[in-house]
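> Residue numbers (the numbering used here), protein chains in the order written: chain V, 1 to 254; chain G, 1 to 254. Just so it is clear, CB atoms sit at the ideal spot from N, CA and C, and this is done for glycine as well. Since the structure is predicted, the reported quantities are computational estimates derived from the model, not experimental observations. Sharing a structure with you now.
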């Protein structure tokens with residue numbers, strides 16, 4: 001069983017890609033299940049095999065405890081942890097080749113509260129897992145935001161400790177020229193030119209990111225299924241262990 | 001007039017430090033004003049000179065439009081932009097040496113919706129501004145999360161395009177040993193050892209971050225005012241233009 005988590009900033013298209021990528025895998029005759037881990041999602045375009053809202057619903061939490069929107073989101077995420085045992089038990093009953101996991105609307109709540117990290121390692125268990133990080137094309141078409149999203153992606157990777165694949169979501173909203181432009185950044189060209197004035201620390205960071213990026217973000221559209229073949233191939237590669245991790249033995253020291 | 005923005009993940013202590021750092025500056029006989037830009041904050045321990053809730057209140061938005069907690073937060077942040085003209089006009093009337101700006105509970109909503117970037121550049125205008133990024137000590141005491149927060153800090157810096165100072169908030173919650181440990185990471189020692197197994201991309205990123213960090217995060221406590229002198233000195237240095245920005249002429253190319 002393979003777990004594929006979908007993370008990204010609010011509005012990056014996590015829920016939509018979970019639905020469309022599920023349909024795509026089913027079309028390939030794969031056995032697929034879906035999990036919703038967002039206690040605050042209002043409408044789901046798919047019927048999840050496991051829904052965290054059966055245990056914690058942010059709307060109910062808000063009303064029951066008379067909380068404001070911000071507090072109720074945080075409390076809901078934290079409450080999920082108190083149900084971890086029951087959740088794990090229910091998820092263990094799912095049988096499928098691929099389990100697609102939809103995460104909370106705001107990646108920060110998933111990544112920087114304890115819940116996200118603990119629940120994700122708990123539900124993936126001994127199975128292989130990958131995190132698909134969605135970079136919203138609307139933001140990524142601007143050079144500074146492109147770099148910012150790559151840094152955010154790396155930040156999430158360090159925190160969740162899962163192998164990660166970057167996706168340029170909603171690529172259908174980009175003009176051909178914008179897409180070409182982003183692709184040229186991914187291949188290391190002209191990103192520094194397009195960034196304008198940056199300080200030396202930022203310059204070194206950009207250089208490291210561009211020079212060491214395993215593979216550029218994959219442009220994907222959940223409207224046209226554009227890029228789903230590439231995404232599937234990359235996810236397969238990572239799940240098969242294609243990504244090299246440094247072991248303690250060959251880990252060079254700074 | 002100098003603008004000091006305070007950003008950080010939910011619970012990092014933004015609101016508390018705004019209050020305590022304001023009191024600290026007043027004790028130094030500075031002329032200080034405060035701005036609240038969080039439409040969803042429920043209680044403020046200080047009376048702001050400008051409060052965005054006078055224009056957009058997330059609680060009201062939620063009730064009026066019958067929205068869930070997540071949607072109401074996003075809608076509220078986006079609505080702030082529609083009031084930008086009036087907000088700018090009211091803020092322009094503030095007179096103070098230092099204006100401390102409290103930002104939305106979740107840094108993601110401030111940094112990755114258009115509102116944060118536009119409102120922050122609008123209200124700072126031609127004045128010098130600095131962003132104080134709070135790294136929650138509770139998270140930062142673990143090596144992977146420490147690196148993750150530094151990456152998140154860089155991601156925010158790229159997106160907001162303001163000079164930035166990193167602060168280790170709630171440092172009073174750390175044991176002496178934990179604090180020493182974090183300090184040794186900031187100075188470039190043993191962080192790679194403490195990270196355990198990482199892939200090559202992550203290794204290069206860590207190396208770049210550690211080697212190029214201008215100054216390590218400043219441990220600060222809003223309970224004891226510990227570190228406020230250092231924070232003030234660093235903020236002053238940045239506001240005085242002590243941070244070098246590469247100009248187009250001396251910007252080396254990758």
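Between residue 47 of chain G and chain V, is any beta-carbon pair separated by less than 8 Å?
no
> Using CA coordinates, which residue listed in V/75, V/21, V/6 and V/46 is at the minimum distance from residue 40 of chain V?
Residue 40 of chain V has its Cα closest to that of V/75, out of V/75, V/21, V/6 and V/46.
> Any C-beta of chain G sitting closer than 8 Å to the C-beta of residue 129 of chain V?
no
> Report the neighbours of residue 105 of chain G on chain V: residues whose CB is nearer than 7 Å to its CB, in chain order.
70
> Pull up the distance between the alpha-carbon of residue 27 of chain G and that of residue 130 of chain G, whole angstroms please.
21 Å
> What separation, rounded to the nearest whole angstrom, lies between the Cα atoms of residue 134 of chain V and residue 235 of chain V?
13 Å
> In the DSSP output, which residue or residues are listed as bridge partners for residue 129 of chain V?
Its beta-bridge partners are V/3.
> Can you pull the chain V neighbours of residue 214 of chain G, defined as C-beta to C-beta under 9 Å?
199, 200 and 201
> DSSP puts residue 33 of chain V in a beta bridge; with which residues?
V/99
> How long is the line joining the alpha carbons of residue 244 of chain G and residue 219 of chain G, rounded to whole angstroms?
Because the pLDDT of residue 244 of chain G is 46, which lies under 50, any placement of that residue in the model is unreliable, and the number read from its coordinates should be weighed accordingly. Approximately 23 Å between the Cα atoms of the pair.
> Figure out for me which residue from V/225, V/221 and V/187 has the closest Cα to the Cα of residue 214 of chain V.
Ranking V/225, V/221 and V/187 by CA distance to the CA of residue 214 of chain V puts V/187 first.
> Tell me the rounded alpha-carbon separation between residue 174 of chain G and residue 138 of chain G.
8 Å
> Judging by CA-CA distance, which residue of G/98, G/195 and G/150 is the nearest neighbour of residue 232 of chain G?
Out of G/98, G/195 and G/150, the CA that lies nearest to the CA of residue 232 of chain G is found in G/98.
> Output the residue ranges of the beta strand (DSSP E) runs that lie fully inside the stretch 36 to 120 of chain G and measure 3 residues or longer, sorted by chain position.
98 to 102
> Let's see if you can read the secondary structure: which residues bound the alpha helix (DSSP H) around residue 236 of chain G?
DSSP places residue 236 of chain G inside the alpha helix (DSSP H), whose first and last residues are 228 to 239.
> Here's a check: name, in chain order, each residue in its chain whose Cβ is nearer than 6 Å to the Cβ of residue 228 of chain G, leaving out the five neighbours to either side.
24
> So what's residue 205 of chain G in DSSP terms, helix, strand or just coil?
helix
> Taking the alpha-carbon of residue 259 of chain V as reference, which of V/141, V/153, V/158 and V/54 has the nearest alpha-carbon?
In the structure as shown, chain V begins at 1 and stops at 254. Residue 259 of chain V is therefore absent and cannot be evaluated.
> If I measure Cβ to Cβ from residue 246 of chain V and keep anything under 6 Å in the same chain, skipping five residues before and after, which residues do I get?
Unreliable positioning characterises residue 246 of chain V in this predicted model, as indicated by a pLDDT of 40, which lies under 50. The coordinate reading is nonetheless provided below. The answer is none, since no qualifying residue turns up.
> By how many angstroms is the C-alpha of residue 95 of chain V removed from the C-alpha of residue 32 of chain V?
Residue 32 of chain V and residue 95 of chain V: Cα-Cα distance of roughly 8 Å.
> Among V/207, V/167 and V/210, which has the Cα closest to the Cα of residue 226 of chain V?
V/167
> Quick one: what does DSSP say residue 218 of chain V is sitting in, helix, strand or coil?
Reduced to three states, the DSSP call for residue 218 of chain V is strand.
> Quick one: does residue 161 of chain V have its CB under 8 Å from some CB of chain G?
yes
> Assuming residue 6 of chain V contacts residue 120 of chain V (C-beta within less than 8 Å), just tell me the rounded distance between them.
Contact between residue 6 of chain V and residue 120 of chain V is ruled out by a C-beta separation of about 12 Å, above the 8 Å threshold.
> Write down the C-beta distance between residue 148 of chain V and residue 159 of chain G rounded to the nearest angstrom, noting that I regard them as a contact closer than 8 Å.
4 Å
> Give the DSSP bridge partners of residue 257 of chain V, in chain order.
Here chain V has residues from 1 to 254 only, and residue 257 of chain V is not among them.
> Would you call the stretch 8 to 19 of chain V in contact with the stretch 49 to 61 of chain V, where contact means no fewer than 3 C-beta pairs closer than 8 Å?
no
> Listing by chain order, which chain V residues have their CB less than 8 Å from the CB of residue 158 of chain G?
144, 145, 147, 148, 151 and 202
> Just reading off the beta strand (DSSP E) that residue 181 of chain G is part of, what are its end residues?
Per DSSP, residue 181 of chain G lies in no beta strand (DSSP E); the unbroken alpha helix (DSSP H) holding it starts and ends at 176 to 186.
> Identify, in the order they occur along the chain, each residue of the same chain with its Cβ nearer than 8 Å to the Cβ of residue 183 of chain G, setting aside the five sequence neighbours on each side.
216 and 219
> Is the Cβ-Cβ distance between residue 204 of chain V and residue 212 of chain G less than 8 Å?
yes
> Going by the beta-carbon positions, is the gap between residue 48 of chain G and residue 77 of chain G smaller than 8 Å?
no
> To the nearest angstrom, how far is the alpha carbon of residue 177 of chain G from that of residue 30 of chain V?
The alpha-carbon separation between residue 177 of chain G and residue 30 of chain V amounts to approximately 51 Å.
> So with Cβ pairs under 8 Å, would you call residue 260 of chain G a contact of chain V?
Past the edges of chain G, shown from 1 to 254, lies residue 260 of chain G, and the structure says nothing about it.
> Look up residue 166 of chain V in the DSSP assignment and give the residues it is bridged to.
V/133
> According to DSSP, simplified to helix, strand and coil, what is residue 225 of chain G?
Coil at residue 225 of chain G, not helix or strand.
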